[in-house]
Amino acid sequence: MNASKNGASTHTQPSTRQIRKPVRALRLRDFPGVAPIAIFGIVFLYVPILITTVYAFNDGDSALIWKGFSFRWFGEVAQNANLLNSVWVSLQIATVATIVATSFAILFALSVDQLRARGSAIATAILTAPIVIPEIVLAVATLGFIRIIGLEPGMLALILAHASFCIPFALMPVRARLKGLGTSYFEAATDLGANTWQIFRRITLPLLMPGIISGAILSFVISLDDFIISNFLSGSGSTPLPVFLFSLIRRGASPAVNVIAVMLLLLAILVTTITFLLAQRKGKQHV
Amino acid sequence: MPALVVATLFTIGPLAIIIMFSFLSRPPEGGGIEYEFTLAAYVNFLFQSDFLGNTLFDPRYLRVFGLSFLQALITTIVCLVLAFPIALWIATRPEKLQNMLVLLITIPFWTNLLVRTYAWMLILNDNGIVNSGAQALGLPKMDLLYTPLASQLGLIYTFLPFMVLPIYASLARFDFRLAEAAYDLGARKTTVIKRIILPLATPGILSGILLVFMPAFGSFVQPVLLGGGKVLLAGNLIAAQFGDARNWPFGAALSVIILIMLMIALIGIAWYSRKSGKKVEISL
């Protein structure tokens, strides 16, 4: 126990290894009452989704009356035509929105030289706005915007809206990556006579790839998960999955909803883990 | 560069249009807008005309905003009280464990909002875990779902990660040797928290407050699904104007009021940032 603690603490601050006593130091890092609240908080985050997961495997016809373990509802959900249709709609929107948003993030990287200061400020504003403005305000604003440019709610409106709210999420990891790179790579390439296209193709793009991939994954999931904005823009025949799910949930708890919830939870776990691993690899490559 | 212009257009454009809408008239049949300048939408927020044409003060909508403010405030306070110890605890773990714990906080964050809200419908349902447990103990059934309390719980649950992540980000880079130095100089734990860790976490706390309070204030899903028809918050009021009530200018005016609140908060944060010389990064 002590040995492993020693190892971990010296790993983070190797220079102080000889001077300080790591075990005592680690205990000094603990504050009374902090650990129980923290553990309670993390448990609080997981209990509800775990309960939902357990009930997805319920055999009975009611969402909450346990009748034994089975995959029955997974099968029933897989045969629901309306649901499958909404999944298909969501996948189409998410794919197009991701391509558009990711292209934007790459263009951002391409023009990075010209926009160090001012561009960075604008980018910050674009990145910040969608996460602090309540989504309902963005939703009705987008609805107004779509109407003004002469579109009706429907597939095209959904794709446009999704592409624009995905941009911040596609841009965030790319920007973080750019910040970490500094200017030396680009300066060296210029000194060695590379032109703009060569720099982009051979230096910028490969170095930013992990960020671009993370951004694309995040955009895809953000689009797939969006409910509030989609709710205002979906027309007949273009109902994305979350809008369909909402109409199911409004009718109350049901075993089918439990199953869909678990599938979406799995998606979240998958995506978070992939982006986490990408970030880890990034860290190892360029220290 | 053109990409940036397009993105700016698509971010600012809708907001500009919503501001414009709020000063326009409502068509007689409702829905959409008419291009005629009026302040009616804003007047409508506070006053109501009766049949005789008298303008009377009407606190109905103000009360909706008041309830939203209260629920958002409670959400923010409870999230802060939970998130600060969580963030501090994570930041003081060995590095490998820190990464795993951050991953644990991030997973609920990326889980569909409807799913996280729905999970509480299962818990608070008449036949849910809480009521089954209460019955097993011989307690009477409680009406938990479709109450303001349910909506409140849902808000706290869905926004907790939004508070943990920025606070953790501000603590993660901290060199805890500084705290050790303070101990060596005779400081107690409470002093270290108050004088070293809290000031350090302030930018993260401010960012977290903004990221929790504003979205909670305009929340739509939690009050509808967990509060049922009984909880009307600002977000639902706006949605209703663009839905059944068909009063777009009024919905737009309500949105603008929220945007103004946001502007005030951002100015406050910028002011703090300038005064203290600390950079407050509003991101996750």
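Protein sequence lines, in the order shown, are assigned to chains A and B. Under the numbering used here, the first residue of the first sequence is numbered 141, with each subsequent residue one higher. Under the numbering used here, the first residue of the second sequence is numbered 7, with each subsequent residue one higher. Ideal placement from N, C-alpha and C gives every residue a C-beta, glycine not left out.
Worksheet item: If you compare alpha carbons, which of L119/B, P154/B, N253/B is closest to V227/B?
Response: L119/B
Worksheet item: Are there 16 or more other CB atoms within 10 angstroms of the CB of S261/B, so buried, or fewer, so exposed?
Response: buried
Discussion item. So the candidates are L58/B, G241/B, I113/B; which of them puts its Cα closest to the Cα of T406/A?
Written reply: Residue 406/A is actually Leu in this sequence, not Thr. For the residues L58/B, G241/B, I113/B, the minimum Cα distance to L406/A belongs to I113/B.
Worksheet item: Taking DSSP as the reference, what is the three-state secondary structure of T61/B?
Response: strand
Discussion item. Just to confirm before moving on: does the CB-CB distance between Y124/B and T192/A stay below 8 Å?
Written reply: yes
Worksheet item: Whose C-beta lies closer than 8 Å to the C-beta of K161/A among residues of the same chain, with five residues either side of it excluded?
Response: Confidence at K161/A is low in this model, with a pLDDT of 47, below 50, so the placement of that residue should be treated as unreliable; the coordinate-derived value is given next. Answer for K161/A: no residue qualifies.
Worksheet entry | Short Cβ contact (8 Å threshold) for L404/A with V121/B | Closer than 8 Å, so yes.
Worksheet item: Grouping DSSP H, G and I as helix and E and B as strand, with all else coil, what is R157/A?
Response: Bear in mind that a pLDDT of 47 at R157/A, under 50, signals an unreliable position, so the number given afterwards is only what the model happens to contain. Three-state DSSP puts R157/A in coil, outside helix and strand.
Worksheet item: Does the pairing of the region 349 to 357 of chain A with the region 237 to 251 of chain A give three or more beta-carbon distances under 8 Å?
Response: These segments touch.
Worksheet item: For the region 115 to 194 of chain B, which segments carrying the alpha helix (DSSP H) assignment without a break, of at least 4 residues, lie completely within its bounds, in sequence order?
Response: 119 to 130, 135 to 142, 154 to 178, 183 to 190
Worksheet entry | Interface residues of chain A facing G241/B [CB-CB closer than 9 Å] | P274, E275, I276, V277, I368
Discussion item. Please tell me whether V218/B has its Cβ less than 8 Å away from any Cβ of chain A.
Written reply: Judged by the 8 Å Cβ criterion, V218/B is not in contact with chain A.
Worksheet item: Who are the Cβ neighbours of P255/B in its own chain at under 8 Å, not counting the five residues just before and after it?
Response: F27, S28, F29, L30, S31, R32, I39, T44, A46, A47
Practice prompt. Over the uninterrupted beta strand (DSSP E) stretch that includes Q54/B, give me the two end residues.
Written response: 53 to 55
Worksheet item: Exposed or buried, what is A276/B when buried is set at 16 or more other beta-carbons lying within 10 Å of its beta-carbon?
Response: exposed
Worksheet entry | Contact residues within the region 232 to 254 of chain A, judged by C-beta distance below 7 Å to chain B | For the region 232 to 254 of chain A, the residues whose beta carbon sits under 7 Å from a beta carbon of chain B are, in order, F244, L247, F248, S251, Q254.
Worksheet item: Alpha carbon to alpha carbon, what distance is there between Y186/A and A258/B?
Response: 37 Å
Item to complete: Express the C-alpha separation of S202/A and L231/A in angstroms, rounding to a whole number.
Response: Looking at the two C-alpha atoms, the distance is approximately 29 Å.
Fill in: Candidates F223/B, L232/B, V49/B: closest to F63/B by CA position
Nearest of F223/B, L232/B, V49/B to F63/B, Cα basis: V49/B.
Worksheet item: Quick one: what's got a C-beta closer than 7 Å to I299/A's C-beta in the same chain, skipping five residues either side?
Response: Answer for I299/A: I233, V236, A237, listed in chain order.
Discussion item. Assuming F386/A is part of the alpha helix (DSSP H), what are its boundary residues?
Written reply: 381 to 390
Worksheet entry | Close-in-space but distant-in-sequence residues of the same chain around V237/B (CB under 7 Å, 5 per side omitted) | P154, S157, P229
Worksheet item: Would you say L185/A reaches chain B, if we count a Cβ-Cβ gap shorter than 8 Å as a contact?
Response: yes
Item to complete: Could you round the C-beta distance between F165/B and P221/B to whole angstroms and report it? I think they count as a contact, below 8 Å.
Response: 7 Å
Practice prompt. Output yes or no for whether 8 Å exceeds the beta carbon distance between W213/A and P395/A.
Written response: When the beta-carbon positions are compared, W213/A and P395/A come within less than 8 Å of each other.
Discussion item. Is N118/B close to chain A? Criterion is C-beta to C-beta, closer than 8 Å.
Written reply: Output row for N118/B: interface = yes.
Worksheet item: Which term fits E216/A, buried or exposed, when burial requires 16 or more other beta carbons within 10 angstroms of its beta carbon?
Response: That one is exposed.
Worksheet item: What are the uninterrupted segments assigned as alpha helix (DSSP H) that are 4 or more residues long and contained completely in the region 13 to 101 of chain B, given in chain order?
Response: 46 to 52, 66 to 97
Worksheet item: Do P293/A and S363/A have their C-beta atoms within less than 8 Å of each other?
Response: no
Worksheet item: Hey, S93/B and L184/B are a contact pair by Cβ (cut 8 Å); roughly how many whole angstroms apart?
Response: Looking at the sequence shown, residue 93/B is not Ser but Ala. At roughly 17 Å, the Cβ-Cβ gap does not stay under 8 Å, so A93/B and L184/B are not in contact.
Worksheet item: Closest Cβ-Cβ distance between L405/A and chain B: below 8 Å?
Response: Yes, L405/A lies at the interface with chain B (some Cβ there is under 8 Å from its Cβ).
Practice prompt. Quick one: list the residues of chain A neighbouring I288/B, beta-carbon separation under 8 Å, in chain order.
Written response: T268, I271, V272
Worksheet item: Does any residue of chain B bring its CB to less than 8 Å from the CB of D331/A?
Response: Under the Cβ criterion of 8 Å, D331/A is not counted among the residues facing chain B.
Discussion item. Assuming contact is defined by CB atoms lying nearer than 8 Å, are T379/A and S226/A in contact in what I supplied?
Written reply: yes
Item to complete: List the residues of chain A that V84/B touches, going by C-beta distances under 9 Å, in chain order.
Response: Within chain A, no residue comes near V84/B; the closest Cβ sits about 10 Å away, beyond 9 Å.
Fill in: Neighbour list for T112/B in chain A, Cβ cutoff strictly below 8 Å
T412, F416
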